[in-house]
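In full-length UniProt numbering, the protein residues as written are 1 to 533.
Right, one structure below, let's go through it.
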């Protein structure tokens, strides 16, 4: 088992091109070998340069898992352009906010995914921001928008036209730009809303993203013989760094899945002999509940991580004994450090189910009490991380960076956990209000900020409540203005939220209240709301 030691995307692609025709990506009828991948990524890089996108710029990428996503991402990173992935569930308002904050100069999108026109959503939302823009009013920095589907209209470039434009750029320009990319250059900016509801861009350099991927690949014992079905979205660290990049570093074949569909996934596992299939617990419980599960040959399955949210107690046993995985592991990470811990090789299922494993190579972990002292074995405290995999900071937000990165380089996660006698981490709670819906982080402040825009809403408080399928869903307690007319009901509040928030952020329930439990200073006591729930 070998995993690349490359510290930049250009070095990685050059190294792995030596695998020749060995498949790097299989997406339906499209198969791209490792040598061809390098050539096609160079073509995309030329296309960016032809559009005036320069090294050091940022480009947005708003698309589901498909081979063009990989080409679009690597093509930018090959020549020192940072990528800002956008959640495919975002509304136009959410996408416009991140594109404006990051000042992205180009955007690659997939119109029509999940029945939505991203370009129309974005055009309408951006126009509300006011001002002009070369493509969309309200986004002055966005000069180029490329549509992966269709012929391009309304100022958009089709994917084919975009690639054709790269013919005007000499290959030597790509070679020069790629040679100039260093390990400390910014590779990606992953935006996370956080407790304030304002998006914060997590900055990672090439060396960091590749180090994260290397740690995951070594823990999963990835090889070129593996076939990795990537269900986790490429826009998320799980699918991107622990999926796409880690596969490329091990010579593993990537099978991207745009959406999770149990029937299609079971067909793929059987036909392609999938060996690696990580995901959130919902994926595995859906497979286990499939009425025709016994009809499929799943004997190729080797490795899985069931992470990102709480798992049923019996899940890991069922993944081994029913689905047939050789190894099931846990991991802990967050956008600021995507892979911090990983289960030990040969770990018992009982211990795996209870802990996320020890720190991966290069990462240090502390669990501290309220005074900042080490909490000791099996004692709860805040989890602190330090090491090369930890983010550089938040994009153009030194105050937010200083709030979580201390002078000694420790990242204060806001999560509560404990270390056992083996140095394995167990997550026990969250200091933040954030909860996880089907593997996606939901920050109550962002939902509450959206509700505040409703003309009848005075105040709201959002909490997470248990759900059998998704792990957690949102419940919004809403206090209306006393003179609100007409008074909205739960259905209207839900419809309003759906216009402003991605579907996984929209609360499952809306509870109208006369007031909230409060402390002496008037702050809402969410702990009491959780106790009621």
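No residue lacks a Cβ here, since even glycine has one placed at the ideal position from N, Cα and C.
Segment limits, beta strand (DSSP E) that includes residue i
| i | result |
| --- | --- |
| residue 332 | 331-334 |
| residue 526 | Counting along the chain, residue 526 falls outside any beta strand (DSSP E), though it belongs to the alpha helix (DSSP H) covering 526-532. |
| residue 381 | 381-386 |
| residue 510 | 509-512 |
| residue 106 | 106-109 |
| residue 191 | 186-192 |
| residue 24 | 23-27 |
| residue 229 | 227-230 |
| residue 366 | 364-368 |
| residue 31 | 30-33 |
First and last residue of the uninterrupted alpha helix (DSSP H) at residue i
| i | result |
| --- | --- |
| residue 567 | Outside the shown range of the chain, which is 1 to 533, sits residue 567, and nothing can be said about it. |
| residue 543 | The question about residue 543 has no answer here: the residues shown for the chain are numbered 1 through 533. |
| residue 283 | 281-288 |
| residue 269 | 262-272 |
| residue 253 | Unbroken run through residue 253 is the beta strand (DSSP E), 253-256; no alpha helix (DSSP H). |
| residue 352 | 349-354 |
| residue 14 | 9-16 |
| residue 165 | 159-165 |
Residue j beta carbon less than 8 Å from that of residue i
| i | j | result |
| --- | --- | --- |
| residue 69 | residue 76 | no |
| residue 141 | residue 104 | yes |
| residue 375 | residue 356 | no |
| residue 474 | residue 462 | yes |
| residue 188 | residue 82 | yes |
| residue 79 | residue 48 | yes |
| residue 280 | residue 439 | yes |
| residue 395 | residue 404 | no |
| residue 367 | residue 346 | no |
| residue 134 | residue 143 | yes |
| residue 478 | residue 418 | no |
| residue 145 | residue 107 | yes |
| residue 337 | residue 385 | yes |
| residue 335 | residue 237 | yes |
| residue 505 | residue 447 | yes |
| residue 507 | residue 533 | no |
| residue 401 | residue 414 | no |
| residue 182 | residue 149 | no |
Cα-Cα separation, residue i to residue j
| i | j | result |
| --- | --- | --- |
| residue 325 | residue 353 | 15 Å |
| residue 91 | residue 282 | 24 Å |
| residue 424 | residue 343 | 8 Å |
| residue 364 | residue 407 | 15 Å |
| residue 34 | residue 26 | 11 Å |
| residue 297 | residue 219 | 26 Å |
| residue 21 | residue 370 | 55 Å |
| residue 201 | residue 192 | 6 Å |
| residue 271 | residue 300 | 10 Å |
| residue 60 | residue 240 | 14 Å |
| residue 23 | residue 228 | 11 Å |
| residue 525 | residue 87 | 31 Å |
| residue 361 | residue 242 | 15 Å |
| residue 492 | residue 471 | 25 Å |
| residue 15 | residue 166 | 24 Å |
| residue 495 | residue 12 | 46 Å |
| residue 443 | residue 486 | 29 Å |
| residue 18 | residue 177 | 21 Å |
| residue 32 | residue 250 | 16 Å |
| residue 99 | residue 327 | 40 Å |
| residue 234 | residue 306 | 17 Å |
| residue 528 | residue 436 | 20 Å |
| residue 9 | residue 391 | 18 Å |
| residue 158 | residue 468 | 42 Å |
| residue 199 | residue 484 | 30 Å |
| residue 304 | residue 274 | 11 Å |
| residue 503 | residue 497 | 9 Å |
| residue 341 | residue 397 | 27 Å |
Of the residues the options, the one placed nearest residue i, counting alpha carbons only
| i | options | result |
| --- | --- | --- |
| residue 252 | 467, 4, 514, 515 | 4 |
| residue 255 | 236, 46, 232 | 232 |
| residue 482 | 26, 514, 13 | 514 |
| residue 568 | 248, 211, 234 | Outside the displayed span of the chain (1 to 533) sits residue 568, for which this structure offers no information. |
| residue 74 | 349, 465, 42 | 42 |
| residue 94 | 177, 226, 500 | 500 |
| residue 171 | 44, 186, 71, 260 | 44 |
| residue 315 | 286, 265, 291 | 286 |
| residue 164 | 50, 449, 339 | 50 |
| residue 585 | 350, 115, 302, 139 | The requested residue 585 is not part of the displayed model; the chain covers only 1 to 533. |
Test: residue i CB closer than 8 Å to a CB of chain C
| i | result |
| --- | --- |
| residue 510 | You won't find chain C in this structure, because it holds only one protein chain. |
The ligand FMN heavy atom lying under 7 Å from the CB of residue i
| i | result |
| --- | --- |
| residue 83 | Annotation note on the ligand FMN: not contained in the displayed structure, which lists no ligands. |
Open item on the list: Which runs of the alpha helix (DSSP H) at least 4 residues long sit entirely within the stretch 35-92? Give them in chain order.
Closed with: Counting whole runs of 4 or more residues, the stretch 35-92 contains the alpha helix (DSSP H) stretches 67-78.
Open item on the list: Ignoring anything shorter than 4 residues, give me the alpha helix (DSSP H) runs that lie fully in the stretch 385-471, in order along the chain.
Closed with: 398-404, 444-452
Open item on the list: To test your reading of the DSSP string, which unbroken alpha helix (DSSP H) runs of 4 or more residues are found completely within the stretch 292-323?
Closed with: Whole alpha helix (DSSP H) segments, 4+ residues: 315-321.
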